[in-house]
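**Student:** The sequence shown begins at 19 in this note's numbering and counts up one residue at a time. For each residue, glycine too, the CB sits at the ideal point set by N, CA and C.
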Amino acid sequence: MSSFESMGLAAPLLKAIENLGFTQPTPVQAEAVPAALQGGDWMVSSQTGSGKTAAFLLPVLNAMMAGGNNSPIDLHRVIGPAGLILCPTRELAQQVAQDAIDLLKNSKGIRVATVMGGMPYGKQMAGLRGALLVVATPGRLLDLAQRRQIHLADVKTLVVDEADRMLDLGFAEDLEDINHLCQKRDQTLMFSATFAPRIMSLASRLMKSPGRLELASASDRHAQITQSLHWADNMIHKEKLLDHYLRDAELEQAVVFASTQVETDRLADALAEQGHAVAALHGAMPQKVRAHRLKQLRSGNVRVLVATDVAARGIDVPSITHVFNFGLPMKAEDYVHRIGRTGRAGRTGKAITFAEHRDRMKVRTIEALTDQRIPVAVVAGLEPKTPERPERGGRGEGRGFGGRSEGRGRSGSGGGGRGAFGGHGRSSAPRDFGGPRERDFGDRNERSERPVRESREFDDRPRSFNDRPRREGSAPRSFGDKPRSFEGGAGKPRTWGDKPRQGGEGSKSFAERKPWGDKPQGDRPNREGRSFDKPAGKSFSKPSGKSFAKPGAKPGGKVFSKHSGTGGHGGFSSRGR
Numbered sequence: 019m020s021s022f023e024s025m026g027l028a029a030p031l032l033k034a035i036e037n038l039g040f041t042q043p044t045p046v047q048a049e050a051v052p053a054a055l056q057g058g059d060w061m062v063s064s065q066t067g068s069g070k071t072a073a074f075l076l077p078v079l080n081a082m083m084a085g086g087n088n089s090p091i092d093l094h095r096v097i098g099p100a101g102l103i104l105c106p107t108r109e110l111a112q113q114v115a116q117d118a119i120d121l122l123k124n125s126k127g128i129r130v131a132t133v134m135g136g137m138p139y140g141k142q143m144a145g146l147r148g149a150l151l152v153v154a155t156p157g158r159l160l161d162l163a164q165r166r167q168i169h170l171a172d173v174k175t176l177v178v179d180e181a182d183r184m185l186d187l188g189f190a191e192d193l194e195d196i197n198h199l200c201q202k203r204d205q206t207l208m209f210s211a212t213f214a215p216r217i218m219s220l221a222s223r224l225m226k227s228p229g230r231l232e233l234a235s236a237s238d239r240h241a242q243i244t245q246s247l248h249w250a251d252n253m254i255h256k257e258k259l260l261d262h263y264l265r266d267a268e269l270e271q272a273v274v275f276a277s278t279q280v281e282t283d284r285l286a287d288a289l290a291e292q293g294h295a296v297a298a299l300h301g302a303m304p305q306k307v308r309a310h311r312l313k314q315l316r317s318g319n320v321r322v323l324v325a326t327d328v329a330a331r332g333i334d335v336p337s338i339t340h341v342f343n344f345g346l347p348m349k350a351e352d353y354v355h356r357i358g359r360t361g362r363a364g365r366t367g368k369a370i371t372f373a374e375h376r377d378r379m380k381v382r383t384i385e386a387l388t389d390q391r392i393p394v395a396v397v398a399g400l401e402p403k404t405p406e407r408p409e410r411g412g413r414g415e416g417r418g419f420g421g422r423s424e425g426r427g428r429s430g431s432g433g434g435g436r437g438a439f440g441g442h443g444r445s446s447a448p449r450d451f452g453g454p455r456e457r458d459f460g461d462r463n464e465r466s467e468r469p470v471r472e473s474r475e476f477d478d479r480p481r482s483f484n485d486r487p488r489r490e491g492s493a494p495r496s497f498g499d500k501p502r503s504f505e506g507g508a509g510k511p512r513t514w515g516d517k518p519r520q521g522g523e524g525s526k527s528f529a530e531r532k533p534w535g536d537k538p539q540g541d542r543p544n545r546e547g548r549s550f551d552k553p554a555g556k557s558f559s560k561p562s563g564k565s566f567a568k569p570g571a572k573p574g575g576k577v578f579s580k581h582s583g584t585g586g587h588g589g590f591s592s593r594g595r
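(1) Looking only at its own chain, which residues have a Cβ that is under 7 Å from the Cβ of Phe22, when we skip the five neighbours before and after it?
(2) Could you tell me the boundaries of the beta strand (DSSP E) in which Leu323 lies?
(3) What are the residues that DSSP puts in a beta bridge with Phe275?
(4) Using a Cβ-Cβ cut-off of 6 Å (strictly less than) and excluding sequence neighbours within five positions of Arg316, which residues of its own chain qualify?
(5) From this set, Ala309, Ser337, Asp327 and Ile384, which residue's C-alpha is nearest Arg321's C-alpha?
(6) Are Lys368 and Ile243 close, meaning C-beta to C-beta below 9 Å?
(7) Under a Cβ-count criterion, where at least 16 other Cβ atoms within 10 Å of its own Cβ denotes burial, should Val153 be classed as buried or exposed?
(8) Using 10 angstroms around the beta-carbon of His340, count the other beta-carbons present and answer buried if the total reaches 16, otherwise exposed.
(9) Looking at Gly173: is its Cβ nearer than 9 Å to the Cβ of Pro228?
(10) Could you tell me if Lys349 is buried or exposed, where buried requires 16 or more neighbouring beta carbons within 10 angstroms of its beta carbon?
(11) Could you give the distance in angstroms between the alpha-carbon of Gln3 and the alpha-carbon of Pro304?
(12) Where DSSP assigns a beta bridge to Gln205, which residues make up the other side?
(13) Provide the residue(s) that pair with Leu151 in DSSP beta bridges, ordered along the chain.
(14) 9 Å is my cut-off, CB to CB: does His248 come that close to chain C?
(15) Could you say which of Phe372, Gly57, Gly358 and Met379 lies nearest to Ala211 if we only look at CA atoms?
(16) On a Cα-Cα basis, can you pick out the residue from Asn37, Gln65, Gly58 and Pro30 that is closest to Gln47?
(17) From the DSSP output, read off the bridge partner residues of Gln245.
(18) Name the DSSP beta bridge partners of Gly293, please?
(19) How close, in whole Å, do the beta carbons of Leu104 and Met218 come, if the pair is a contact with beta carbons under 8 Å?
(20) What does DSSP give as the partner residues of Ala250 in its beta bridges?
(21) Would DSSP call Val114 helix, strand or coil?
(22) Ala302: buried (16+ other C-beta within 10 angstroms of its C-beta) or exposed?
(23) Pro402 and His248: beta carbons closer than 9 Å?
(24) Taking only the alpha-carbon atoms, compute the straight-line gap between Met143 and Ala163 and give it to the nearest angstrom.
(25) So, with DSSP's three-state summary, where would you put Gly301?
(26) According to DSSP, is Leu224 helix, strand or coil?
(27) Which residue or residues does DSSP assign as beta-bridge partners of Leu231?
(28) Provide the residue span of the alpha helix (DSSP H) that contains Asp352, from first to last.
(29) Spatial neighbours of Arg519 within its chain, please: C-beta separation below 6 Å, excluding the five flanking residues on both sides.
(30) Looking at Leu260 and Val177, is the spacing between their C-beta atoms short of 9 Å?
(31) Just checking my contact of Phe209 with Lys70 at CB under 8 Å: how many whole Å lie between their CB atoms?
(32) Short check: CB of Leu150 to CB of Leu170, under 9 Å?
(33) Compare the Cα-Cα distances from Ala118 to each of Thr282, Pro106, Val78 and Leu289 and report the closest residue.
(34) Looking at Asn197 and Leu160, is the spacing between their C-beta atoms short of 9 Å?
(35) With 16 as the cutoff for other CB atoms within 10 Å, does Thr41 come out buried or exposed?
(36) Excluding the 5 residues flanking Asp192 on each side, which residues of the same chain have their C-beta closer than 7 Å to its C-beta?
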C-alpha cells in the first residue's frame, strides 16, 4: 500500500494528516487520490466509512496550494471559488467543511465557506468573501447564484459527494444548472457508496469521459458489520425487539432509522418514556435544532438517535456501534448508506433490521443489491407468532412468506393456472357451488324471457328508496310539480342543513317558491303582462335611452359591438340575417 508521502501532496497537507493521526491511506484514498491528482473526471464507488471525504479533499486542496494560494486572505476581494463540493444534506455539508478546515490548519490563504439552507443569508454571503473552497447544498447555492452573490465561472474542480443520493432526492435539474454555471472547470469527481445504472447514466452526462474506480464489490461491502434480520408480527413486536437490543451493555451509541418524520418523533417519544437517552432528527426541524442534536450525539449526551434517511447522511461518529432499521428504506441503496453509519474506519458494528412479513419483497431487493443474504435471528421470548411459510411458487431456494409448497406459478398442482383457495389446483371439470350454473354472472334473465311491460305514465313508475307513501286522494303529479322532499309539511321536522321555510304558512310547492337567484324554472307559470325574454320596461338589446347599435343599423339586427370600424381586433358583433 502506498503512503501519503509517495502521493506528492503539499507539505502543509502532510503535516495536517500527521497531526490528525492518519498514518496509512485507506484503499479508496490510495487509489482515488493519485488518479485525481493526474487530472480528468472520475467516478469512485466505495463503501461508507472508508475515507471517501479525504479522498476528494486532498487532491482539491493540493491543487489550490500548488496554484500559489499561500498569501493572507483578502476579505475585500470578491471572487468565485476555485473548488466546489456539493452535498445532498446540510449535515453532510457541515461534516465535509469541518474536515476541510482540519486539513487546512497548517495552511494560509485558503478559506472554506459553507452554503446551505436553514442559515441566514447575510452570514453566508459574508462568509463567501475570499473563499476559495465552497461546500454547499444545491438549492441554496443556486439561490445565491441567482442573486449574484456567488460566481461559479472560476470553478476548476467540481465534486459531487453522495452522488446517488443527490440524484435520488431530485437534484438532477439542479446539478445540470450548476454544471452550466461552471462549465469551464477542469475536473469533475463523483463519490458515492453505490452507482446504480440510472445514476451512472445521468452522471456520465455531466462528465467528460469519466474513469471509474469501484473499490469494493457488492458482496465485499461492510464485511466488518454483522447484519441480522428479525421478522416481526406488528409495530408493537418491533418496539419490544428494539427495546431489548437497546438495553444491551455492548451498545455504546445507536442510530435507529424510521421511515417517516411522524414515525421518527413518535418512536423517539416512546423510547424516552422507557428511560433511554434519545433524540429525534429529521428534515422538518430547524437547522439550529438539528446541529444541536448532532452535537449532543458526538459529545455522548445522546445514546440513541432516531432519524430519517436524509437527516442521517453524513453522520460520522466513531462510537456508533449499532444501527437499527426500524422501518425499511424506500430504496435498497439507502440500506447500504444506513448501515454504513457503524463500522467506520475499520471498526466493527452491528446492523439489525426489523421487518414485517409484508416487507419481504423489500428484503429480497436489498439482498439482491448487496448480493448476500441477511441472516435471520430470533430473540428468545420474542419469537414471531406468524409462522414462516415456504417460498412462493416453489422455485429456487429463496425464502418467502405467503407462498405455496408445490408446483410452479400460482397453481397448487404444478400447472399454469391459478389455484383455488385451500391449495387445490384447477381441474378440467366444471366448478361446483351446489349445482351447475345456468345463467351468466349477473343472474339476469335473457331479454326474451322478461315479461313485456305495458306502457305506463310517470305516476305509475315504481317508487325509489326513501319515498313516502302517496297521499290518499291526491291527483297524479307531473315531474315539475313534485314537492321538495326535504321541506316537509307544516309542523314536520326538517332534515339537517335544510333552508328554513319561508313564511309561517304550510309548505309551498316548488313552483310557488322563489328560487335562489330568481332563475326561471321550466314549469314556472307565466306571469300576466310579463315575459322572460322581454321584461316590462326593460330590454337587454335596447336599454332605455341607450343603444349599442351604431347609427344607421338595419332594423331588427342584433348588434353587440360598440366598435364602428370593420376588421378591427376584438369585434363582438353578430347581425341577424
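**Tutor:** By the coordinates alone:
(1) For Phe22, the CB contacts under 7 Å within the same chain, skipping 5 residues up- and downstream, are Leu32, Ile35 and Pro43 in chain order.
(2) If you look at Leu323, you'll find it in the beta strand (DSSP E) that goes Val322 to Ala325.
(3) Answer is Ala325 and Asn343, bridged to Phe275.
(4) Answer for Arg316: Val335, listed in chain order.
(5) Nearest C-alpha to Arg321: Ser337.
(6) The Cβ-Cβ distance between Lys368 and Ile243 falls below 9 Å.
(7) Val153 is buried by the Cβ-count criterion.
(8) Result: buried.
(9) Looking at the sequence itself, residue 173 is Val, so the reference to Gly does not match. Cβ distance not < 9 Å, so Val173 and Pro228 don't count as in contact.
(10) Looking at its Cβ environment, which holds 16 or more other Cβ atoms inside 10 Å, Lys349 is buried.
(11) The displayed coordinates of the chain run from 19 to 595. Any statement about residue 3 would go beyond what the structure contains.
(12) In DSSP, Gln205 forms a bridge with Thr175.
(13) Answer by DSSP bridge pairing, in chain order: Gly101 and Val130.
(14) Note that chain C does not occur in the displayed structure, where there is just one protein chain.
(15) Selected option, being the one with the closest Cα: Gly358.
(16) When only C-alpha atoms are compared, the closest one is Gln65.
(17) Answer is Ala369, bridged to Gln245.
(18) Note: Gly293 sits in no beta bridge, so no partner.
(19) About 17 Å separates the two Cβ atoms, so there is no contact after all.
(20) Under DSSP, Ala250 takes part in a beta bridge, and its partners are Glu374.
(21) Helix, per DSSP.
(22) Label assigned to Ala302: exposed.
(23) A contact, by the Cβ cut-off of 9 Å.
(24) The C-alpha of Met143 lies about 11 Å from the C-alpha of Ala163.
(25) Coil.
(26) The answer is coil: DSSP assigns Leu224 none of H, G, I, E or B.
(27) DSSP lists Val62 as partners of Leu231.
(28) Its alpha helix (DSSP H) spans residues Ala350 to Ile357.
(29) Caution is warranted here: a pLDDT of 46 is assigned to Arg519, below 50, making its placement in the model unreliable, and no coordinate value can be reported.
(30) No, Cβ-Cβ distance for Val177 and Leu260 is not below 9 Å.
(31) Indeed, because the Cβ distance is near 5 Å, the residues count as touching under 8 Å.
(32) For Leu150 and Leu170, no; Cβs fall outside 9 Å.
(33) Check the Cα spacing between Ala118 and each of Thr282, Pro106, Val78 and Leu289: the tightest is with Val78.
(34) For Leu160 and Asn197, no; Cβs fall outside 9 Å.
(35) With fewer than 16 other Cβ atoms inside 10 Å of its own Cβ, Thr41 counts as exposed.
(36) So the qualifying residues of the chain are Pro156, Gly157 and Leu160.
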